[in-house]
Amino acid sequence: MSTRLAVVLGAGLGMLCASLVGVPEASAQVAALKVDTGDTAWVLMSSALVLVMLVPGLALFYGGLVRSKNVLGTIMQSFMILSVVSLLWILIGYSLAFGPDKGGVIGGLDWVGLNGVGVDPHPTYGPTIPHQAFMFFQMMFAAITPALIAGAFAERKRFSAMVTFSALWSLFVYAPLAHWIWGGGWLAKLGALDFAGGAVVHISSGAAALVCAIVLGKRRGYGTDYMAPHNLPMTLLGTGLLWFGWFGFNGGSALGANGVAISAIVATHTAASMGAVVWCLAEWMHRGKPTVLGVASGAVAGLATVTPASGYIGPFAALLIGAAAGLACYFAIVWKGRFGYDDSLDVVGIHGVGGVLGILATGLFASKAINSGGADGLLYGNPSFFGVQVLMVVVVAVFSAVVTFLLLKLIDGMTKLRVEPEEEATGLDLSQHNERAYS
Amino acid sequence: MKLIEAIIKPFKLDEVKDALLEIGIQGMTVTEVKGFGRQKGHKETYRGQEYTIEFVPKVKIEVAVPDSQVQRVLDTITRTAKTGSIGDGKIFVRDLGMAVRIRTGETGDTAL
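Quick note, the sequences are listed as chains A and B, same order.
Just so you know, we're using our numbering here: the first sequence kicks off at 1 and counts up by one.
Just so you know, we're using our numbering here: the second sequence kicks off at 1001 and counts up by one.
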């Protein structure tokens, strides 16, 4: 029935009609797989938890950090990216990322318009849950990743350029990376492990954020004007929702209600708590006062960093990862002023640095005793796996940075990337959307 | 007649107002203002980014009084607005050429 639905949807949109007559998969192997209701319920709930991370979690987290004249424009980015990327994911993105492998580089177009993605489980994408549940869970990841980048160009990017960039980025950066690492592509074949998105989500968005911040340039008045967050309680509400949703982000990546899911959640929460405490202490000793924003930032740093490792490590490794995240991300942000780019909401310092640290930590601490489907890390006598993780860091960062640069140049040729100086002074809310948050 | 302008800490406003009413002052004008004296401002830190806030929020009270009451008003404001720490504010006194009560047209001291 869902196949028929997919066909109707695709045909109704008048797109890609030719490819939609493909035969649904019905091999004997697929038919033998049985849907487990507990596993399915957990993945469906986890999908909703990841949605909450994006809207309203990330929307409020970022919205509180900008000035009051830009809060609606910033929240709008999260809502719009969610909607546009979700549609693209159904039409083509899912097939590019997870469709049948084409030379290890990209997924084929067999699943365009969700053709053949039905309620029967897929043997590798969660053998106990409906294939559509896996597709839906992955859709939320595809949506949140470009929304993370938006923090780097906050308060100055033209709305039309933001939507175009995010849509193209999800197809030309996110989908290939997801394929290489999660969709049976070449990095997966080498044995690279990224449990819930340290490379696919955090390094990719961190590298793209750095390029965006450099290409777009600083905000007007950066370094002289008062640019403090306009509503920290809003940011803290967003932090709480991110933390809450991250249990689905990492726990759901087990694709079942099982031991790996709970060990991932324990690792996630441990690293978040440790990140918050360590950032707080670092700032207290370094600057003399523990700040609320510091605790929130430390928690998010711990969450982002533990993400790729969460399903392969025990709680003690998570403790060390959280501590490293709190320290490294704190100093990355304190020292960013020396590099002279305006990564407005610190996507590079938290997601980029955290992602790199997390992928390397996976190479160190991963243990088959925790997850038999994983690998043993360097500390368990497996240096070659650590080498693959290093390779993944470099490849993902370079690929994302280069393609992001090309996309920005392409869009700059079609429409200006930045708002006009007068619009920037007025704020995005009025200049882009004819609205004010507080009247 | 004199116009007394007192710039004080905002949280002291109610105390000063009550004390002035008690000594028979019948009206005043209050404005929220910003500024700095020797106190200068304070520092704010957001993710290691420091901002120096130079202009501190204060309240300005304006009271017009006959010459005979000037000293009592000054004493009252000084006593009630004082915390002893830096940033308590300042009082300025200037000559007032004329006062008119709009409703009746009375002028001078009787208009106050």
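The C-beta atom is built at its ideal place from N, Cα and C for all residues, glycine as well.
Keep in mind it's a predicted model, so treat the numbers as computed, not measured.
Only residues of its own chain outside the window of five on either side were considered, and among them L148, H202, S205, G206 and A304 have a CB closer than 6 Å to the CB of A:H351, listed in chain order.
Between the stretch 1008 to 1025 of chain B and the stretch 1052 to 1068 of chain B, the count of Cβ pairs shorter than 8 Å is three or higher; the stretches touch.
Between A:G363 and the set A:D194, A:F159 and A:L51, the nearest pair of CA atoms involves A:D194. Between B:E1106 and B:M1001, the alpha-carbon positions lie close to 14 Å from each other. Within the model, the alpha-carbon separation for A:S95 versus A:R287 is close to 49 Å. Considered as a whole, the stretch 251 to 332 of chain A harbours 259 to 287 and 292 to 306 as its complete alpha helix (DSSP H) runs of no fewer than 4 residues, in chain order. Sorting B:V1065, B:Y1051 and B:Q1026 by C-alpha distance to the C-alpha of B:E1005 places B:V1065 at the top. Residue-level contact check: B:T1110 does not touch chain A, since none of the beta carbons of chain A fall below 8 Å from its beta carbon.
Neighbours of B:E1044 across chain A, judged by C-beta separation under 8 Å: A228. A:I321 places its beta carbon less than 8 Å from that of A:A271.
The three-state reading of DSSP puts B:H1042 in strand, counting E and B together. A:L65 sits close to A:T235, with the two beta carbons spaced by under 8 Å. Not a single CB atom of chain B sits nearer than 8 Å to the CB of A:R158.
For A:V55, there is no enclosing beta strand (DSSP E), as DSSP marks it with neither H nor E. In this structure the stretch 106 to 122 of chain A does not lie against the stretch 140 to 147 of chain A, because fewer than three pairs of beta carbons, one per stretch, are closer than 8 Å.
Closest in C-alpha terms to B:E1050, from the list A:A228, A:L187, A:P127 and A:L168, comes A:A228. For B:P1057, DSSP records a beta bridge to B:K1034.
DSSP lists A:R418 as the beta-bridge partner residues of A:K157. Boundaries of the beta strand (DSSP E) around B:A1006: K1002 to I1008. For B:R1094, there is no enclosing alpha helix (DSSP H); the enclosing beta strand (DSSP E) has its first and last residue at G1089 to D1095. Boundaries of the alpha helix (DSSP H) around B:Q1071: V1070 to A1081.
Chain order gives no chain A residues near B:G1035, where near means a beta carbon separation below 7 Å; the closest approach is about 16 Å. Taking a beta-carbon distance threshold of 8 Å, B:R1047 counts as an interface residue toward chain A. Apart from the 5 residues on each side of it in sequence, A:A264 sits with its Cβ closer than 8 Å to the Cβ of F195, A196, N250, G251, S253, A254, S310 and G311 in its chain, given in chain order.
Burial check for B:R1094: the Cβ neighbour count within 10 Å stays below 16, so the residue is exposed. Excluding sequence positions up to five before and after A:S78, its CB lies within less than 6 Å of the CB of L54, V55, L58, A59 and A147, all in the same chain and listed in chain order. Taking C-beta separations shorter than 8 Å and ignoring five residues to either side along the sequence, the partners of A:A324 in its chain run T305, L357 and A361, following chain order. The CB of A:T291 comes closer than 7 Å to the CB of T1045 in chain B, given here in chain order. Remark: three or more beta-carbon pairs, one from each stretch, lie closer than 8 Å, so the stretch 400 to 418 of chain A and the stretch 158 to 170 of chain A are flagged as touching. Taking C-beta atoms as the reference points, A:A437 and A:R220 fail to come closer than 8 Å. Of all residues in the stretch 327 to 339 of chain A, those with a C-beta nearer than 7 Å to a C-beta of chain B are I333 and V334, reading in chain order.
The C-alpha of A:L327 is placed about 26 Å away from the C-alpha of A:I262.
Segment contact: the stretch 35 to 45 of chain A against the stretch 277 to 291 of chain A, fewer than three CB-CB distances shorter than 8 Å; contact not assigned. For the options A:S367, A:L391, A:Q389 and A:I181, the alpha carbon positioned closest to that of A:G381 is the one of A:S367. Residue A:V395 holds the alpha-carbon nearest to the alpha-carbon of A:A199 among A:F365, A:G99 and A:V395.
Between the beta-carbon of A:T239 and that of A:A154 there is about 17 Å, and that puts the pair past the 8 Å contact cut.
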